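Here the structure is laid out as structure tokens; the discussion comes afterwards.
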Amino acid sequence: MFAQFLQFLFSGLTIGATYALAALGFSIIYNASNVINFAQGEFIMLGGMLAVYFTNSGLPMPLALALAVLLPALAGLLMARLTIEPIKGAETVTLIIVTIGASLVIRGLIQVWLGKGSHGLPAFSGEKPIRLFGATLMPQSLWVLGVSALLVLVLWYFFNRTIAGKAMLATSFNRVAAELVGINSGWVLFMSFALSAGIGALGGILVTPITLTSFDAGIMFGLKGFVAAVVGGLGNGLGAVVGGLLVGVIEAFGAGYLSSAYKDAIPFVLILFILFFMPRGLFGVKVTDRV
Amino acid sequence: MMKSRYLGLYAVAAIIVVLPLLLPNSFYLDLVIRMGINAVIVLGLNLLIGFAGQISMGHAGFIGIGAFASAILPTHFGWHPLAALLAGAAAAGLLAAFVARPIFRLQGHYLAMATLGLGIIINIILRNEAKYTGGPDGMPVPAFTLFGMTVDSDRQWYWIVSAILVVSVWASINLMNSPFGRALRALHGSEVAAQVVGVNVIRYKVTIFVMSAVFASIMGSITAHYVGFVSPALADFGHSIELITMVVVGGMASVFGSLVGAVLLTALPQALATFEGWETVAFGVILIVCMIFMPRGLVPTLAARFGGKRQ
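From first to last, the protein sequence lines are chains R and L.
At position 226 of the first sequence the residue is numbered 226 (my numbering), and the sequence of numbers has no breaks.
At position 63 of the second sequence the residue is numbered 63 (my numbering), and the sequence of numbers has no breaks.
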């Protein structure tokens, strides 16, 4: 009984960590530019697919993984430069549609280049399960959780203790004021996309040994990451992490105790309930409309 | 203005009458019918996105409700196809009304999230309830009968879809020039300002959402009977995106833009069929380029450029 509970909790936290990274990506970009980046899921997919491609083409593991983070970050930068910057300040609908366009381009290119098959990666440190109170924990889950936690700490340090990070935060609070004190808001936009894409890609790499990946794997990851970001209150970094873990855990419990067939529906049922009853997310603040 | 209001409608009717004479074979007839079906759905969606400024990212879900009502009710419960179509439309309308109230207190991104979630849930239900829906593989749909006659030739479908399209265009034009349409445009411009002059913002948004859901459901039923087969892919996220693309490319808040968008983007996959996979890339590039260079869409941009006085 307890073992089963623990088992669901482990798998929920593992997948939830990936959602949390995706949600962080959504929040960072939202703060920098007010854009909901529907291509966020594609960066998760890019990380996984590129890691598979580079390791299969014989590159040493560390180099392959580094490339699989850097290239998506570059893709994020390109995306910001080519699609978001030209229409800065456009309507919500327009911005959403442009990012959907970008996601189709990325997904389509990967489909053409690497095909439609599913791919996996070998686990980073073996497949030997760890026994814990009757439940089993795969070493890869520890990688996912550990690296995600480390990344959250690094991001916290970046945004609170470095000039570059503070500049990005300042821009999210008030762009005009930030520009007045000399912050280059264009640079902030590019950085936010590169950073979010890199974070997403890293999440995609870590989780690939567990869930496999394919050209269309980014759709669900992205949408659930968006759910997590909204659960935590859009733009709230801590909320994104909590939201991601929460969505992962609820999904795992729902799949385990209620119905595994409806696993993918659970985050969306959850978000509808939250939006109905707490329209600003769990940690969102009330905002007033300006005419 | 009053005179020219229906000029476009007459043009559409004329094209519809002449078109069957020009189509070389049944492949093109089939393509034109699917363009017509999409055009009606896009018209409804454009009322919501273009005129009222509210995004729905789960509209394919409503198409799925109509399509599967028309497949399931006659097959499993012996309903008359017309009754099944109406039941589907009523179900889609009720569901839309039920979720719309809480949803439309939300704005922008949250609205996108809620409609997206709704669409995905519908799609997952259709995939999982295999006992009734046939699961991911879908199920066959019995033929449509009207007044004891079975509708089974493409020609008949052509005229049925054409009639629905003409009526929809006529209704959309009138709706947009009615107090209702002006209220919608007002709330798109500024919700608070619209509220101040007495527009019941939530009620208008709910009404237009329900209407576009009903449009989508009816056309879902028509698609089901016309194709003779339904699958949950009809209701998936990708299909919702395709419909939004049609609205955006043709022209937001433009009745004839909706038609142009539906025609172009229904034809596009055919044109790209030989380039396996590039279809998705092309869709993406078109969306981006359109939004950057013609944010108002093809028809309004061209109309403005060539000195048309239409808004």
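Beta carbons: idealized from backbone N, C-alpha and C, even for Gly.
Owing to the predicted nature of the structure, the values given are computational and were not obtained by experimental measurement.
**OP:** Compare the C-beta of Val227(R) against all C-beta atoms of chain L and say whether one is closer than 9 Å.
**Re:** yes
**OP:** Compare the Cα-Cα distances from Ser70(L) to each of Val99(L), Gly220(L) and Leu146(L) and report the closest residue.
**Re:** Gly220(L)
Original post:
So Phe144(L) is in the beta strand (DSSP E); what residue range does that whole segment cover?
Top reply: Phe144 to Leu146
**OP:** Would you mind stating whether Ile288(L) and Val35(R) have Cβ atoms separated by less than 9 Å?
**Re:** no
Subject >> Sequence ranges, alpha helix (DSSP H) only - wholly within the segment 39-90 of chain L, length at least 4 >> reply: 59-77
Original post:
How long is the line joining the alpha carbons of Leu165(L) and Trp79(L), rounded to whole angstroms?
Top reply: 26 Å
**OP:** For the segment 11-31 of chain R and the segment 232-243 of chain R, state whether three or more C-beta atom pairs, one from each stretch, are separated by less than 8 Å.
**Re:** yes
**OP:** Report the rounded CA-to-CA distance for Leu268(L) versus Val42(L), giving the unit in angstroms.
**Re:** 16 Å
Original post:
Does the pairing of the segment 224-244 of chain L with the segment 50-69 of chain L give three or more beta-carbon distances under 8 Å?
Top reply: yes
Subject >> Neighbourhood of Asn177(L) by C-beta distance below 8 Å, restricted to the same chain and skipping five residues each side >> reply: Arg5
**OP:** Compare the C-beta of Gly36(L) with all C-beta atoms of chain R and state if any pair is closer than 9 Å.
**Re:** no
**OP:** Could you check the C-alpha separation between Leu71(R) and Val52(R) for me, to the nearest Å?
**Re:** 13 Å
Subject >> Which of helix, strand or coil DSSP assigns to Val131(R) >> reply: Here residue 131(R) is Arg; the residue named in the question, Val, does not match the sequence. Strand at Arg131(R).
Subject >> Three-state class that DSSP yields for Phe229(L) in the structure shown >> reply: strand
Subject >> Whether Phe209(L) touches Ser168(L) by CB criterion (9 Å) >> reply: no
Subject >> Residues near Trp278(L) by beta carbon distance below 8 Å, same chain, minus five either side >> reply: Leu272
Subject >> Neighbour flag for Ala186(L) against chain R, beta carbons, 9 Å >> reply: no
**OP:** Would you kindly report the start and end of the unbroken beta strand (DSSP E) that includes Thr274(L)?
**Re:** Counting along the chain, Thr274(L) falls outside any beta strand (DSSP E), and DSSP gives it neither H nor E.
Original post:
Do we get a CB-CB distance below 9 Å when we pair Ala100(L) with the residues of chain R?
Top reply: no
Original post:
Are the C-beta of Met246(L) and some C-beta of chain R separated by less than 9 Å?
Top reply: no
Original post:
Got a sec: is the Cβ-Cβ distance from Leu104(R) to anything in chain L below 9 Å?
Top reply: yes
Original post:
Taking contact to mean at least 3 C-beta pairs separated by less than 8 Å, is the segment 44-59 of chain R in contact with the segment 4-14 of chain R?
Top reply: no
**OP:** Assign Val141(L) to one of three DSSP states: helix, strand, or coil.
**Re:** coil
Original post:
Can you give, in chain order, each stretch of the beta strand (DSSP E) that sits fully within the segment 243-287 of chain L and has at least 3 residues?
Top reply: none
**OP:** Report the neighbours of Pro295(L) on chain R: residues whose CB is nearer than 9 Å to its CB, in chain order.
**Re:** Ile87, Ala90, Glu91 and Thr94
Original post:
Between the segment 204-218 of chain R and the segment 179-196 of chain R, do at least 3 Cβ pairs fall closer than 8 Å?
Top reply: no
Original post:
Is the CB-CB distance between Ala228(R) and Gly16(R) below 9 Å?
Top reply: yes
**OP:** Would you tell me roughly how many angstroms separate the C-alpha atoms of Leu142(R) and Ser118(R), rounded to the nearest one?
**Re:** 23 Å
Original post:
Under 9 Å, do Tyr315(L) and Trp157(L) count as touching if we go by C-beta distance?
Top reply: Residue 315(L) lies beyond the range of chain L shown here (1 to 311); nothing can be said about it.
Original post:
Between Ala252(R) and Met113(L), what straight-line distance do the alpha-carbon atoms span, to the nearest angstrom?
Top reply: 21 Å
Original post:
Arg107(R) touches chain L at which residues, Cβ-Cβ below 9 Å?
Top reply: Thr280, Val281 and Gly284
Original post:
Using a Cβ-Cβ distance under 9 Å, would Gly88(L) count as near chain R?
Top reply: no
Original post:
Which residue's Cα is closest to the Cα of Arg179(R): Ala32(R), Ala123(R), Leu24(R) and Ile28(R)?
Top reply: Per the sequence shown, residue 179(R) should be read as Glu rather than Arg. Nearest option by C-alpha distance: Ala32(R).
**OP:** Let me know if Arg155(L) comes out buried or exposed under the rule of 16 or more other beta-carbons within 10 Å of its beta-carbon.
**Re:** exposed
Original post:
If we count the other Cβ atoms within 10 Å of its Cβ and call it buried at 16 or more, is Arg107(R) buried or exposed?
Top reply: buried
**OP:** Spell out whether any CB of chain L is found under 9 Å from the CB atom of Ile210(R).
**Re:** no
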